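Worksheet for the structure shown next.
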Amino acid sequence: MSGISDPVLTSIGETKARYVRLGKSGLYVSVPILGAMSLGHKDWQPWVIEEEEALIILRAAYDRGINTWNTANVYSNGISEEILGKALRKFQIPREKLVIMTQCSSWVGDSPKSRAWLYRDKCRDSKDFVNQGGLSRKALFSAVDASIRRLGVEYIDLLQVHRFDYTTPIGETMAALHDLVQSGKVRYIGASSMWTYQFATMQYCAESHGWTKFISMQNHYNLLYREEEREMNKFCNETGVGLIPWAPLCRGYLARPLSSNEISTRALEEQKLGRILSVGHTETDHAIINRVEEIAQKRGWKMSTVALAWINKRVTSPIIGFNTIERMDEALSARDQELTTEEEEYLEELYCFKRLMLSPLQYRPGYEEESVPPINYETPTQKEYDEGSSLVDWDGPGDAANPINWSNTQKWTIIGLVSFTTFNLKWHSLISTGSMASSIFAPGVPQAMQDFHSTSSVLSTFVVSVFIVGFILGPLVLSPASEVYGRLPVTHAANIAFLVASILCAVSVNISMLIVFRLGMGLSGCVPVTLGAGFIADLMPMEKRGMALAIWTFGPLVGPVTGPVIGGYMGLDTGWRWTFWLVSILGGAATLAGFVFMQETYAPTILKQKAKMLRKSTGREMRTKYDKGQTLKQLIASAVTRPLRMLILSPIVLILSIYLSVIYSYSYLLLTTYTEIFEGVYNFNSGEAGLGYLGLGVGFVAGACAVGPFSDWYIKLQRERHGLPQPGDRLPPLLLGSCWVPIGLFCYGWSAQARTHWMVPIVGTGIFGAGVELIFFPIQLYLIDTFTIHAASAVAANTVVRSIFGALIPLAGNPLYNKLGLGWGNSVLAFISIAFAPFSLVLLKFGAPIRTNPRFQASI
């Protein structure tokens, strides 16, 4: 090798390890990586080797080329880091020749015996420990300074967050880690065992801000525990994150025959404490270990070589703790050793999936060692494993089939069509139904009664209210149906049914026929109203749902306003039948457009179709992650009862539904007074009276246009500040809405009674309308963000309650205003809404605890 100096040639000759890039970073690490958890003080754990022996291990590792050392501040409460630092100084190892990796987030005790890391809550109550652990900015900077001091170095090559912190905002953690890199104290950052969604969220937070991202994931992975293959390994491989798993030999179970009856000191100690992982203890595990031994004998290898040859092919580099030089040489012997495809399949085919575990102790807030009972692990059957390994999911986060990843044109076309369909329904509902309390607000109804030679006031009222009956019953069946069969078939069926019912209403020959098909219009017409939220949840990420809801609600908001305007003039010139014909024309256009442009957006349905195709092409039994193994009958029963279960079992759904329903029903109650005020007081004709609705409409639209973009902006702000926004971040506009509603009611009522200029009561209705939207929008978005997959059912539950209130409360309109007048009548409503105002504060403060309390969780 001419041109290479003798020292380099000597170094190459002495090097027994190999080196690989850590993910897509420029950092090279040794294979294997030395794990220093076993180097420290026996008072911390009985299986730890102490300084004298540890220094021998470290010198041997360096001499053999294992130049990457992994430790953690919590290992032996800092003593492990101190020993690594002593090795650098004693053996005069140049700092730049080592890759030093350490971890932080756990509480470091003040003596080797301390188990502070096991008592997170207790540490939070200590003046000495309160800010030592976790991933806050203070804790991270303090931990890095302490680790650098113990190691006796100027910087750390790879700082890893040891576990996820459930209390510190992700944004704070990632910003602090970035600043540590910028300061020069840390070169790279990585993470250790956590759920994939947590790791992905932290990466997204860093990427969206241009901060330093993790380059490594230190997770639990070996032949006996392969659950990480489901998500974490795939995510890391796709995003260029290096995998450096711990326990690659499974506490030594994969390094010695079962017949030897040997067990590592660490594994034995954890068995005594009842803190055993779901590995090495089942019949299937024993069978896999026997196969490792079988291949080792066939190849003339050590069993550890077989296990490491298998894992080395699948990860960047495994982390191995050595207590003897012999074990180290065994691990190094796996260099360049490869198994055949048949041998790999032979080792893998028996594996049965296990319950997910991040570590021997689940690292959760409030954990206390004494409170966690031994975990009872059951060996899944081969059938269960086959089902688990045949789950159908999206092909990564960027899968083009996932509606979240569709183009904006596709998304807005679908939302626009749903909005148009809802508009057609809503403006018709006001043309032909108007108020449930009075027929003077529905000019078409008296004409219809006259044509059918009926003078029954009961039938006159029922022909109006039967539409709302459909709105009460329909959501209980049709919205959940979309969660069984998909959005598309339910939407198409509803559009066709609405069109047919509208035509039959237009050609009705008697009052009974009109009532029956008006009911049909209500039943089918509820679909776009309740499924709109489902489409938004399907198509839009959280930070874009506010604007999407604003676009969709253009139909529900503008419809009730334009309906009376059009209806007032049509009633005068064309007759009541033409209101149905116009609805039919628009409904036909919406139906045709739906067949051309609408697509299935419901993720479980799309994945179900994908699973069906895969079953056909592979012959395997494939299922989606949403498949709970229910029969169709069970699935339908569960879906149909879901809205009612949400109302009964989920207090947050019931509370929000009642609050919104009371406020929203006021708008219907106000509508009972419009004809009397604008025709009786201001002498408008029927057509001009309809223009009075524009004030309410302007308020509706203005409120929606304001709160939609604001809500999205606020969600983005919360993501920047805290990393992961919560549904409760939708609720702040409630405070403003709870103030505007009574102001609008006072203005409308007293100005109308005083017979001020007609513009004043219209302005009052505009303020009221904006206030209603400031309440309606946050609650709808809250339900969508909370229930996502079942958003249609949540909104259906809300719609049912809202429809009941909307049907009943306006019945009190005439008696209320006849008794108290417009001023005091609307003041009563305003006082009731003021009484509800503190409820907004209660929701903001206690909404999350109520929503997440296990006692209040509905099984949906």
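Take any residue in the sequence shown, note its place counting from 1, add 495, and you have its number in the working numbering.
We put the beta carbon where it would ideally sit given N, CA and C, even for glycine.
In this text, all values refer to a predicted model and were calculated from it rather than measured experimentally.
Sort out for me which residues DSSP pairs residue i with in a bridge.
| i | result |
| --- | --- |
| H715 | W741 |
| N565 | G530 and M596 |
| I1358 | Past the edges of the chain, shown from 496 to 1355, lies residue 1358, and the structure says nothing about it. |
| I544 | L534 |
| T668 | T668 pairs with nothing; no bridge assigned. |
| L886 | R1118 |
| Y841 | Answer is none; Y841 lacks a bridge partner. |
| Y1159 | Answer is none; Y1159 lacks a bridge partner. |
| Y720 | N717 |
My assumption, with CB atoms under 8 Å, is that residue i sits in contact with residue j. Please give the rounded CB distance.
| i | j | result |
| --- | --- | --- |
| Q1273 | S1322 | With the sequence shown as reference, residue 1273 is identified as Pro, and Gln is not the correct amino acid for it. No, P1273 and S1322 are not in contact; Cβ-Cβ is about 26 Å, not under 8 Å. |
| K797 | E825 | 5 Å |
| V1410 | L534 | Outside the shown range of the chain (496 to 1355) lies residue 1410, about which nothing can therefore be said. |
| L1229 | I1270 | 6 Å |
| Y1188 | V1267 | Not a contact, Cβ separation roughly 14 Å. |
| M1037 | P1220 | 6 Å |
| F1263 | G1194 | 6 Å |
| G911 | L1276 | Their Cβ separation, rounded to whole angstroms, is 19 Å, which puts G911 and L1276 out of contact at 8 Å. |
| A992 | S1019 | 4 Å |
| N717 | C700 | 30 Å between Cβ atoms; not a contact. |
| F624 | W602 | 6 Å |
Give the DSSP-derived three-state secondary structure of residue i in the structure shown.
| i | result |
| --- | --- |
| R682 | strand |
| S687 | strand |
| L517 | coil |
| P1344 | helix |
| Y523 | strand |
| G705 | coil |
| G1194 | helix |
| A549 | helix |
| R746 | helix |
| W1171 | Correcting the residue type first, residue 1171 is Glu in the shown sequence and not Trp. Helix, per DSSP. |
| P975 | helix |
| G929 | Note that G929 scores a pLDDT of 37, beneath 50, so its modelled location is shaky and nothing firm can be said. |
| H836 | The sequence as given places Thr at residue 836; His does not occur at that position. Looking at T836 - three-state DSSP - the assignment turns out to be helix. |
| L1338 | helix |
| A1286 | helix |
| E1038 | helix |
Is it right to say residue i is buried, meaning 16 or more other beta carbons lie within 10 angstroms of its own, or is it exposed?
| i | result |
| --- | --- |
| E840 | exposed |
| K906 | buried |
| S606 | exposed |
| D558 | exposed |
| L768 | Note that L768 scores a pLDDT of 43, beneath 50, so its modelled location is shaky and nothing firm can be said. |
| I507 | exposed |
| S642 | buried |
| T904 | exposed |
| L517 | buried |
| H715 | buried |
| V1091 | exposed |
| D780 | buried |
Since residue i is in the beta strand (DSSP E), which residue starts that stretch and which ends it?
| i | result |
| --- | --- |
| V656 | I651 to V656 |
Starting from residue i and walking both ways along the alpha helix (DSSP H), at which residues does that stretch end?
| i | result |
| --- | --- |
| Q1248 | P1228 to Q1248 |
| C731 | M727 to T734 |
| P1273 | M1254 to F1282 |
| A791 | E778 to R794 |
| Q1129 | L1127 to L1144 |
| K581 | I574 to K585 |
| Q1104 | A1098 to T1113 |
| D824 | I820 to L827 |
| D640 | R632 to L646 |
| M1008 | I1006 to L1034 |
| F1179 | Per DSSP, F1179 belongs to no alpha helix (DSSP H) and is neither H nor E. |
| V603 | Here V603 belongs to no alpha helix (DSSP H), and DSSP marks it neither H nor E. |
| P1433 | Given that the chain is displayed from residue 496 to residue 1355, the structure contains no residue 1433 and the question cannot be resolved. |
| I588 | It is not in any alpha helix (DSSP H) - I588 carries neither H nor E in the DSSP assignment. |
| R559 | That residue, R559, is in no alpha helix (DSSP H); it is neither H nor E in DSSP. |
| L1087 | R1072 to F1092 |
| V801 | M798 to N807 |
| G508 | D501 to E509 |
With a threshold of 9 Å between beta-carbons, can residue i be considered close to chain D, or not?
| i | result |
| --- | --- |
| E577 | In summary, chain D is missing from the structure at hand, where a single protein chain is found. |
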